[in-house]
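Taken in order, these protein sequences are the chains called W and C.
Here the first sequence is numbered in this note's numbering, starting from 1 and rising by one per residue.
Here the second sequence is numbered in this note's numbering, starting from 429 and rising by one per residue.
Glycine included, every Cβ here is placed at the ideal spot set by N, Cα and C.
These notes concern the structure reproduced below.
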Amino acid sequence: QAKMSRPVQARRLEGIDKNIWVDFVKLAATYSTVNLGQGFPDFPPPDFLKEAFMRALSGENHMLHQYTRAFGHPLLVKMLAQFFGKLLGRDLDPMTNVMVTVGAYQALFCCFQAFVDEGDEVIIIEPFFDCYEPMVKMAGGMPVFVPLRPKAPKDGKLMSSADWQLDPAELASKFSERTKVIVLNSPNNPLGKVFSRGELELIADLCVKHDILCISDEVYEWLVYDGKEHIRIASLRGMWDRTVIIGSAGKTFSATGWKVGWTVGPNRLLQHLRTVHQNSVYHCATVAQEAVAQGFQRELDLYGKPESYFIQLPKLLQQKRDWLVQSLDAVGMKPIVPEGTYFLVADISEFKSDVPDVTDSDEPYDSRFAKWMVKNKGLAAIPLSAFYCGAHKNNYDHFIRFCFAKEEATLKAANDILQKWRQEKTRP
Amino acid sequence: MAFRHKNTRRIEGLDSNVWVEFTKVAADPSIVNLGQGLPDISPPSYVKEELTKAAAVDRLNQYTRGFGHPSLVKVLSQVYERVCGRKIDPLTDILVTVGAYGSLFSTIQALIEEGDEVIIIEPFYDCYEPMVKMAGAKPVFIPLRYKNDGASASSADWVLDPAELANKFNSKTKAIILNTPHNPMGKVFTREELQVIADLCIKHDTLCISDEVYEWLVYKGNKHIKIATLPGMWERTVTIGSAGKTYSVTGWKLGWSIGPQNLIKHLQVVHQNTLYTCPTPLQEALAQAFWIDYKRMDDPDCYFYSLSRELESKRDRMAQLLQEAGLKPVIPDGGYFMIVDVSTLNVDLSDVDEKQPYDYKFVKWMIASKKLSAIPLSAFCGPETKRQFEKYIRFCFIKKDSTLDAAEVILKNWNKQ
């Protein structure tokens with residue numbers, strides 16, 4: 001019978017079963033003494049947030065253990081509408097312009113399922129957070145990749161994430177009749193690039209010209225350094241109506257394990273996200289939403305003030321960034337100084353001799369390097385090729401990504417490993 | 429401009445939803461809400477305490493293992509090994525999801541596609557139909573039918589016609605969705621009834637998606653049987669469970685799918701491409717609560733059994749109140765819902781203009797004039813069966829005494845207006 005000869009799984013799973021995190025998380029758990037791989041802080045969420053969670057639990061109201069409003073806990077959507085309304089200079093309706101999701105990950109899923117049909121093209125800027133590609137494929141869409149290309153830094157300076165840029169003509173050439181969506185991630189994971197106004201206007205102009213949608217993944221919106229500004233593409237002319245903004249409590253409040261995210265956008269677009277959401281998970285857990293809402297209340301009250309967590313966290317992380325930059329530079333791993341996020345990509349070319357090239361291997365060089373490094377040096381990082389599509393994995397195969405949202409002790413330990421490694425290399 | 433911003437075909441027509449309509453209406457605190465299925469009783473105190481403990485541990489506020497927090501999948505494998513009498517690998521045979529709802533979605537997205545047919549038993553938990561459609565497949569409905577007995581109605585009186593069921597299976601049938609104990613009916617499928625379904629699944633090489641969220645809530649004289657334990661069924665069944673229903677914590681939104689590796693691995697692929705991981709502190713707290721009850725599974729004080737006893741008396745009270753008001757409830761053998769035939773009240777709503785089924789109009793009228801809410805049963809039916817069930821409404825009775833007291837007052841005074 002035809003059924004018995006067919007695979008049991010649906011065709012939509014074709015080509016999306018592999019996932020680098022499964023491998024690398026396991027390796028880090030087995031071998032690493034210092035884990036700068038997967039992106040999560042090893043320091044706790046701020047006290048005010050933990051306290052908000054405890055308050056929600058200890059209160060009289062045990063109904064916080066039951067379902068809340070499916071599209072977002074009333075207090076949370078109210079705070080998000082207020083907060084982002086202020087940032088965008090718009091009047092936002094909490095019921096229709098905001099939807100809460102299970103992390104930004106689920107927000108992305110809802111967007112692709114709502115807007116990408118079989119045969120639709122989706123432009124993805126490389127390097128990219130790895131889930132975009134399989135999500136587009138699962139929705140039957142065609143990912144179309146356009147790379148950020150590194151320009152040589154000014155003499156004597158370290159490369160910056162700002163030196164990785166889109167070629168305007170190349171970008172324009174990627175748009176076709178079938179283009180439905182472009183995915184923007186700024187600040188960008190893994191490079192840490194913070195797109196400038198000029199760069200965003202370039203993208204916005206093309207969106208308007210081709211009348212396409214923009215999914216704007218802004219989970220690292222608060223993590224920008226050196227006084228740079230995070231600009232929201234939805235605030236550019238012609239963009240609000242065609243953009244879904246995605247945010248994350250995990251990144252905003254250093255609580256990745258709470259899995260609270262959100263989407264902000266026009267009702268015209270959000271109504272379709274609601275349809276996907278109500279037919280996939282429906283409700284998000286209540287208590288964490290209550291706590292995040294209170295976190296936003298506090299931040300709204302302290303907005304722009306030095307005690308604001310949105311000012312303190314980037315300040316703290318910038319120091320850690322600078323520390324790691326110095327560490328890497330001192331041993332010959334060339335860091336690309338990130339303008340934002342808590343990731344840093346470094347060029348490991350000078351260490352290539354430790355991991356000889358193998359001509360018959362399918363695996364990209366940086367992946368083999370990263371695996372060797374965690375097994376032999378106990379230092380976990382992620383190969384940059386993980387953030388490229390299959391065809392382009394070997395284009396930039398001598399870079400690895402470090403996460404620096406780590407306690408001082410962790411970063412010091414990483415430095416010790418790097419120093420020792422360097423010494424071993426220079427010994428006669 | 430419009431066409432490019434249009435929604436995808438997969439969600440066309442799936443935007444409306446009975447809950448969106450009725451939960452809004454019942455949110456008014458002056459309404460006695462017996463509609464949506466959520467407890468207004470407190471979860472057990474040790475469950476709440478475990479969450480407080482978990483949230484105080486720093487690393488438990490960060491990501492955990494995508495397919496399920498290690499301590500949670502471990503205890504789930506222990507509990508279900510005991511129940512099923514077979515070895516269950518915590519890493520390959522279990523997926524933790526965002527509620528049983530998320531398990532249903534992961535299962536359907538993983539295993540169902542365009543060209544497939546999926547058998548759904550009516551009345552059904554309303555999400556089955558849109559989820560099957562969103563996967564591009566065709567829902568094939570078969571109703572539970574009332575055995576003409578004459579005696580007072582029990583959920584056991586509603587049965588599938590074996591010949592009718594057999595006719596629904598063909599070479600395109602990819603899966604059947606089973607829900608036992610059943611929402612909204614409260615039916616607990618017997619071993620014989622499950623065997624009929626199992627025989628057809630094996631004969632047609634069909635999968636079984638078994639929604640068993642109310643598995644612990646079975647009343648005296650009834651036993652919950654897992655279809656996956658019938659011969660030939662483990663390899664073709666995904667069994668779904670829910671923390672929300674097990675521990676009265678619907679707001680934790682944790683559920684799980686259990687089955688053979690060759691099926692669960694595909695659910696895991698869906699999961700890693702949809703939300704990747706579930707919240708950590710909730711999973712840790714749930715794991716600890718499960719350890720407490722796992723250790724006392726031989727003890728009547730185990731929450732799995734004590735909750736069931738508590739609900740049985742609420743069921744009996746609810747039934748009595750409804751009967752005294754002149755209504756005909758269908759006494760459920762399990763679950764925490766009760767359906768009631770309201771036609772005996774002869775409420776004339778023909779002047780209500782809306783093109784909705786009678787039960788939708790009745791519930792809206794009841795909310796407005798009696799300040800009591802329920803859910804219309806036709807929301808749980810396919811298009812052909814709506815007529816058959818439009819004289820029924822569903823009440824939820826996992827409610828504290830004061831809520832049931834308030835319902836009692838309304839029901840006692842029903843005819844005095």
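Cβ atoms of Y647(C) and D761(C) come within 8 Å of each other, at about 6 Å.
Shown here, S599(C) sits in coil according to DSSP, grouped into three states, outside any helix or strand. Annotation: Y309(W) to A52(W) spans about 15 Å, alpha carbon to alpha carbon.
A direct Cα-Cα distance of roughly 32 Å separates P45(W) from Q113(W). In this structure V34(W) is not in contact with T426(W), their Cβ atoms being roughly 21 Å apart against a cut-off of 8 Å.
Collapsing the DSSP output to three states places L773(C) in a helix. In terms of Cβ geometry, D744(C) and K756(C) do not form a close pair [threshold 7 Å]. In the displayed model, W842(C) falls within a helix according to three-state DSSP.
Under a 10 Å Cβ-count criterion, E199(W) is classified as buried, with 16 or more other Cβ atoms of the shown protein chains found around its own Cβ.
By the neighbour-count definition (other C-beta atoms within 10 Å, threshold 16), D93(W) is an exposed residue. The CB of T256(W) comes closer than 8 Å to the CB of N489, Q490, Y491 in chain C, given here in chain order. In its chain, beyond the 5 residues on either side, S505, I686, G687, P688, Q689, I692 have a beta carbon closer than 8 Å to the beta carbon of D521(C). Residue state for G614(C) is assigned as coil, using DSSP reduced to three classes. DSSP places V122(W) inside the beta strand (DSSP E), whose first and last residues are 121-126.
Within the stretch 508-533 of chain C, the residues whose Cβ lies closer than 7 Å to some Cβ of chain W are V526, G527, Y529, G530, F533, listed in chain order. Chain order gives the chain W residues near L479(C) as L57, V287, where near means a beta carbon separation below 8 Å. If you look at K476(C), you'll find it in the alpha helix (DSSP H) that goes 473-483.
Residue pairing from DSSP places P150(W) in a beta bridge opposite W164(W). A contact between stretches requires three or more CB pairs, one per stretch, nearer than 8 Å, and the stretch 221-231 of chain W fails this requirement with the stretch 254-273 of chain W.
What Q106(W) touches in chain C, judged by beta-carbon distance under 7 Å, is T702, L703, going in chain order.
Residues of chain W whose Cβ lies closer than 9 Å to the Cβ of Q537(C) are, in chain order, A10, R12, L13, M138, S280. Counting only residues of its own chain and dropping the five nearest sequence neighbours on each side, T492(C) has a CB closer than 7 Å to the CB of T705, T708, Q711.
With its beta carbon less than 7 Å from one in chain C, T275(W) belongs to the interface. By the Cβ neighbour-count rule, P811(C) is exposed, with fewer than 16 other Cβ atoms within 10 Å of its own. For W258(W), the secondary structure class from DSSP, reduced to helix, strand or coil, is helix. If you compare the alpha carbons of P498(C), I803(C), L703(C), K654(C) with that of A626(C), the shortest gap goes to K654(C). Judged by DSSP secondary structure, F343(W) falls within the beta strand (DSSP E) whose first and last residues are 343-347. Counting C-beta atoms within 10 angstroms of its own C-beta, Y788(C) has 16 or more neighbours from the protein chains shown and is therefore classed as buried. Separation of D829(C) and M746(C) (C-alpha to C-alpha, rounded to the nearest whole angstrom) is 11 Å.
When the Cα atoms are used, L213(W) and I246(W) turn out to be separated by approximately 13 Å.
Relative to Q716(C), the option among G496(C), R438(C), V503(C) whose CA is nearest is V503(C).
Nearest in C-alpha terms to G679(C), of all of F617(C), S638(C), D468(C), L606(C), is D468(C). Between M559(C) and chain W, the shortest Cβ-Cβ separation is below 7 Å. Taking C-alpha positions only, H210(W) is separated from D443(C) by approximately 28 Å. Under the Cβ criterion of 7 Å, P46(W) is not counted among the residues facing chain C. For secondary structure counted as the alpha helix (DSSP H) over 4 or more consecutive residues, the stretch 779-824 of chain C holds these complete runs in sequence order: 786-798, 814-817.
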